[in-house]
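Chain order of the listed sequences is A and B.
Under the working numbering, the first sequence has 84 at position 84, and the numbering climbs by one with no breaks.
Offset between the second sequence (1-based) and the working numbering: plus 1000.
For glycine and all other residues, C-beta sits at the position ideal for the given N, C-alpha and C.
Here the structure is a predicted model, which means the values were calculated and not measured.
First up is the structure itself, then whatever we jot down about it.
Protein chains: 2
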Amino acid sequence: MEAERMLHAEEVGELADQLRVDTIRCSTRAGSGHPTSSLSAADLLAVLISRHLRYDWTNPRSRANDHLIFSKGHASPLLYAVFKAVGAISDEELVDTYRQFGSRLQGHPTPALPWVDVATGSLGQGLPVAVGIALAGQHLDHLPFHVWVLCGDSETAEGSIWEALDKAGHYGLRNLTAIVDVNRLGQRGPTELEWDLDTYRRRIEAFGCQALVIDGHDLAAIDDALSRARQATGPTVVLARTVKGKGVPEIENQPDWHGKSLKPDQAERAVAALGGVRQTRVSGPRPEPVPPVPTPTAAPPALPRYDRGTKVATRNAYGEALRAVGARPDVVALDGEVSDSTRADRFAEAYPERFFEMFISEQQLVAAAVGLQVRGYRPFASSFAAFLSRAYDFIRMAGISRADIVLSGSHAGVEIGADGPSQMGLEDLAALRAVHGSTVLYPSDAVSCAALVARMVDHRGVTYLRTTRGAHPVLYDNDDSFPIGGSKLLRTGGDDQVALVGAGVTAHNCLAAADRLAGEGIGTRVIDLYSVKPVDRDRLLDAVRATGGRLVVVEDHYPEGGLGSAVLEALADLAEVRVTHLAVRGLPTSGTPAELMDQAGIGPEAITRAARALVSGSR
Amino acid sequence: MEAERMLHAEEVGELADQLRVDTIRCSTRAGSGHPTSSLSAADLLAVLISRHLRYDWTNPRSRANDHLIFSKGHASPLLYAVFKAVGAISDEELVDTYRQFGSRLQGHPTPALPWVDVATGSLGQGLPVAVGIALAGQHLDHLPFHVWVLCGDSETAEGSIWEALDKAGHYGLRNLTAIVDVNRLGQRGPTELEWDLDTYRRRIEAFGCQALVIDGHDLAAIDDALSRARQATGPTVVLARTVKGKGVPEIENQPDWHGKSLKPDQAERAVAALGGVRQTRVSGPRPEPVPPVPTPTAAPPALPRYDRGTKVATRNAYGEALRAVGARPDVVALDGEVSDSTRADRFAEAYPERFFEMFISEQQLVAAAVGLQVRGYRPFASSFAAFLSRAYDFIRMAGISRADIVLSGSHAGVEIGADGPSQMGLEDLAALRAVHGSTVLYPSDAVSCAALVARMVDHRGVTYLRTTRGAHPVLYDNDDSFPIGGSKLLRTGGDDQVALVGAGVTAHNCLAAADRLAGEGIGTRVIDLYSVKPVDRDRLLDAVRATGGRLVVVEDHYPEGGLGSAVLEALADLAEVRVTHLAVRGLPTSGTPAELMDQAGIGPEAITRAARALVSGSR
């Protein structure tokens, strides 16, 4: 720490008032935003940035920097006022562009700003992500940076906050401090616990964290608490009793002032009362230099190899390939207490120090992955496809953060058999395809699955791999190529009358149907559309041309938004296409995989019938 | 209670052994299932069903019955063994059909069984749903039934469990008891807290519930705890220290025995050691009779009326219509602390006793709705469309439960403007369409929105209503009809060259584009496809016939799985259709609604261009 740059107490107070003034100015100019939620936390941030946050604002990508996350993302006026105070943005950018079209100072923070690690604004997510960053710092980087999170009191009603504190305690994250701005008022009235700081304290302590209760407007108390937090032997939660709207008496502690900017005349009075506009520049402590990150070895991984025709579950291939790519030291894996099912345990056995057990908390599973990639790691997070739906809001936000994470969902579809519909991922393709910037892969065999795992390591954005429970024959040669966005032509007779399009287990059913159709003299093309998003439009166009537009698309998924939709969307602008779409239209039950696929009408017999009807024109 | 039917202590022990024997028999016969997770809880259930659960097994629909929910749904062998013990199912059905194709005794419980309220199997959901049932009992029904929930210890890692306990405490649910089977072992090894009962206790007490720590194999201790739970003045959590696999020494407290059935020879030995097969029939206490539920008044609600052309936000119409249908006493509403935004506050003002504030915990919001419908209420749960993604796994399971709930998601799409992408529902249509048995509605004006709210009251399954933040002109007459599955022809010139298909805000953009196209002499048809699922295929076929297959589909949603996919899926089997699909393809930022819609290419200008290109054939 460079002590000479530290502000004196009265200067910190001045800084807090500047943050308040700028909060008011930018939100009133925008005509929207959350000034009152910012005003309550201004003193907390003034102390934090001037005396505790070790950050080189000229080098936001430095590995040595502390991290600052606004879990209460709606307090963006305060965050941007901080950025002005440290000189990262100009006063003009703050006041003239906040919430305007084209501005990087959006209504809620996103990594469009280099000092923002992740997008926030869906409450209860910043802290779980911070747990991932802190995990990286303490368990992988072994660097002394600290992770500071500003939380709202309302968001403690989200279960994800308790998943995060539980994991923070479990992993002993002494480099993590959450500062809860307990301003008593939520959006539409008092919070559940209002100013019952003692209940907050008992909950936090029971979840394994140190709780420090302070007056959030007492600068010395804040300073002391943040010092203690940095020195703590475990995670700390600072419970700061604050007043919403603090510093503007006419709106302090008033309901109906959430998410509203002050009117211009109110703002003018408030700014004057706070001492007017200032351009104080604060320079807080800088981090100690740290060694550069070692460049990962570039040797291609020795992927597992499989013999054509042998039966291997793609989840097994996933686990084995994940272990293989684990040779790269930046690859890390996480699981939600089902690693023996997802086969992520293959990685855990080989690289226990880079495997993080998140127990049954899928929200925290995904959030930790997002946090780990903030620190440059390549996280692979695994659970059942069905249970990743538990983290859908986190996946959605990961897309907005442009986070580079891999999600592996096993036990897809009715193929799982006897466990029943609660365990079957049947809406995952729809949900994951609809995430911004996502990639969705659904390999049909072990070779293609392993090859895709290798490609996913350096793929950008949210990448989802759907794997199958049961063992099915290996279809490809180990040296075949499986680009993301590609597909495979599994069969063609040269004179194809119909194309069968499947992925994952239905590719096998399509092959079986093609055998039957061949016996009937119907030339059939089979396409393995392993890349569901992006989809191989060229391959589909070829098939349309070759077959006169006769396609049967088969998926082990509900009919909406999955493989069928991907094909239809790709061919939307094309006339002369007739698609028969086979999918799981009823509610499945228990049974064997074959029974359930036949019942759903996605088995070989149903595909054969559909293809026959398309070719004969009898619909 | 009918005391004469209560078993003596030794008989309860016998019953527990019967439950163990039947657990082993059915899972070994199936060759799969979770016997060890059932064996640990057999003593708990034996005491519960013989001495505390007041249930008329011949009349599972009785309003007087207690509720029994297996939040740890994988312990289905134990649940079904209970059903045999009380005479609800036969020994043959239990042993011969468990997990078989066509059986109602599925791998995880579903309401295909009349004694099962909701599907479980996604952990951490049974308790939150039970909170909704208990809310109904204590705050609406005012009946003395009790809600008993068997939880696993692993699932306490889910944040949703803490959302549930928090709300149980907040609402003082003395009619709710959770029994946690702390058997120390999860799927792939020890749980996070193992047998640290004291930490469990402190967490539970801090969340506002009574905690009773017992030996879960001590029948007298169980009996005492359940008695105390029933007499408690608030919610109770019984923390039962148990041994996984209890009763079968060779697998007791062993890792690697999760989710595995015993081999036939092991099972034979275990059954013999437990005293062999029994057919004891237990008859536990029956509930006191209660008066029949009053039939809701059948008078149609006095829906709000709107003048054509005035600008009204559909979220406002939702709130006003919800208030109107609130005249029916079985309609209840819930919100996630944003009721002033979703406009559910209109209902809360009129019917505060039927409005439940769930604070910022969307998982509990949806779970409580599911619980309320178990008791026959018609719940409307509201939040931002974006934040319902937080509860996606709960919505998925609600579909499997065939629960009748209404979800209202406000602030859909880039139309919200300055708040930025974290607040924009842009994947909700895809996600909600893919839920089994769901209905998805997206009205464009206040009249149609209010009319759909009235229809939703008695609609079955998960019904999703997407509403818009901003005010747009009323398009319809108050007496127009808006059936679910319908659509509206907003404009046609008789000689239409192209059809513009929108819903919600894009219907207005389509109208604006049609005006421009009319000026260019291009006959244009505009369809308001307010029912996204089910979709009005006939209307689309008409448009295809009329326009030579030229459709422009426009949606304020990401391109995958939404309105465009719904149209394409409906027309999949039809050649001669060319669809130009306009959707939000980039990552939105802040801005005005018009700026953001123009940027996304879903505004009037982009629609006009697309239609012009389709008609001219220049693509």
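Between residue i and residue j, what straight-line distance do the alpha-carbon atoms span, to the nearest angstrom?
i       : j       : result
B:E1427 : A:T492  : 37 Å
B:S1339 : A:E595  : 46 Å
A:G159  : A:Q497  : 54 Å
B:M1001 : B:P1289 : Annotation note: pLDDT 37 at B:M1001 (below 50); position unreliable, coordinate value reported separately. Approximately 11 Å between the Cα atoms of the pair.
B:R1460 : B:P1379 : 12 Å
B:T1156 : B:A1206 : 15 Å
B:T1028 : B:G1564 : 48 Å
A:R5    : A:P285  : Per-residue confidence for A:R5 stands at a pLDDT of 49, beneath the threshold of 50, marking its modelled position as unreliable; no derived number is given.
B:W1057 : A:A321  : 52 Å
B:Q1106 : B:C1026 : 12 Å
B:V1086 : B:V1180 : 23 Å
B:S1410 : A:A168  : 34 Å
B:A1003 : B:K1244 : Residue placement at B:A1003 is poorly supported in this model, since its pLDDT is 41, which falls under 50; the coordinates still yield a value, given next. Their backbone Cα atoms lie some 32 Å apart in a straight line.
B:F1359 : B:R1281 : 45 Å
A:R545  : A:R375  : 47 Å
A:P292  : A:R51   : 26 Å
A:V552  : B:V1095 : 40 Å
Thinking C-beta only, is residue j closer than 8 Å to residue i?
i       : j       : result
A:L489  : A:R525  : yes
A:A130  : A:L78   : no
B:L1150 : B:S1071 : yes
A:G247  : A:L44   : no
B:G1208 : B:L1165 : yes
B:D1066 : B:W1148 : yes
A:Q364  : A:P128  : yes
A:C510  : A:G502  : yes
A:T342  : A:S383  : yes
Tell me which residue opens and which closes the beta strand (DSSP E) that residue i is part of.
i       : result
B:G1631 : Residue 1631 of chain B is absent from the model: chain B starts at 1001 and stops at 1619.
A:F359  : Neither: A:F359 is in no beta strand (DSSP E) and is coded neither H nor E.
A:F666  : There is no way to answer for residue 666 of chain A, as the model of chain A reaches only from 1 to 619.
B:P1379 : R1378 to F1384
B:Q1210 : Q1210 to D1215
B:G1409 : I1405 to S1410
Give the range of the alpha helix (DSSP H) segment to which residue i is assigned.
i       : result
B:P1304 : Taken as a continuous stretch (DSSP letters only), B:P1304 belongs to no alpha helix (DSSP H), as it is neither H nor E.
A:K311  : It is not in any alpha helix (DSSP H) - A:K311 instead sits in the beta strand (DSSP E) that spans K311 to A313.
A:P35   : P35 to L39
B:P1077 : S1076 to A1085
B:K1167 : G1159 to H1170
B:I1024 : A1009 to A1030
- Message: For the segment 503-514 of chain A against the segment 442-462 of chain A, do three or more pairs of beta-carbon atoms, one drawn from each stretch, fall closer than 8 Å, so that the two count as touching?
- Response: These segments touch.
- Query: Does the segment 1380-1394 of chain B come within contact of the segment 392-410 of chain A, defined as at least 3 CB pairs closer than 8 Å?
  - Reply: Yes, since at least three Cβ pairs between the segment 1380-1394 of chain B and the segment 392-410 of chain A fall closer than 8 Å, the two stretches touch.
- Which residues, in chain order, does the segment 1146-1167 of chain B contribute to contact with chain A at a C-beta distance below 8 Å? S1154, E1155, A1157, E1158, G1159, S1160, I1161, W1162, E1163 and D1166
- Query: With contact counted as at least three CB pairs below 8 Å, one residue from each stretch, are the segment 1185-1195 of chain B and the segment 1253-1265 of chain B in contact?
  - Reply: Result yes; three or more Cβ-Cβ pairs closer than 8 Å.
- Message: So if I threshold CB-CB distances at 7 Å, which residues from the segment 391-402 of chain A count as touching chain B?
- Response: Y392, D393, R396, M397 and I400
- Query: So does the segment 603-619 of chain A actually touch the segment 1130-1141 of chain B, counting three or more Cβ pairs closer than 8 Å?
  - Reply: No, the segment 603-619 of chain A does not touch the segment 1130-1141 of chain B.
- Message: Three Cβ pairs or more, each shorter than 8 Å: is that satisfied between the segment 1402-1422 of chain B and the segment 1585-1593 of chain B?
- Response: yes
- Query: Which of the residues in the segment 1247-1268 of chain B, read from start to end, lie with their CB under 8 Å from any CB of chain A?
  - Reply: none
- Near-chain B residues of the segment 72-98 of chain A (beta-carbon distance less than 9 Å), N- to C-terminal order: In summary, the residues of the segment 72-98 of chain A whose CB is separated from some CB of chain B by less than 9 Å are G73, H74, S76 and Y98, in the order they occur in the chain.
- Inter-stretch contact at 8 Å, needing at least 3 Cβ pairs: the segment 323-334 of chain A / the segment 351-363 of chain A: yes
- Message: Under 7 Å, CB to CB, which of the residues in the segment 359-371 of chain A have a partner in chain B?
- Response: F359, I360, S361 and Q363
- Which residues, in chain order, does the segment 1414-1427 of chain B contribute to contact with chain A at a C-beta distance below 7 Å? A1418, D1419, G1420, P1421, S1422, Q1423 and E1427
- Query: Which residues, in chain order, does the segment 201-214 of chain A contribute to contact with chain B at a C-beta distance below 7 Å?
  - Reply: R202, R203, A206 and F207
- Task: Pair every Cβ in the segment 365-372 of chain A with every Cβ in the segment 397-408 of chain A, then say whether three or more of these pairs are closer than 8 Å.
- Result: yes
- Item | Contact residues within the segment 1548-1573 of chain B, judged by C-beta distance below 7 Å to chain A | G1549, Y1558, P1559, E1560, G1561, G1564, S1565, L1568, E1569, A1572 and D1573
- Message: Beta carbons nearer than 8 Å to chain A: which residues of the segment 1582-1599 of chain B have them?
- Response: L1587, T1589, S1590, G1591, T1592, E1595, L1596 and Q1599
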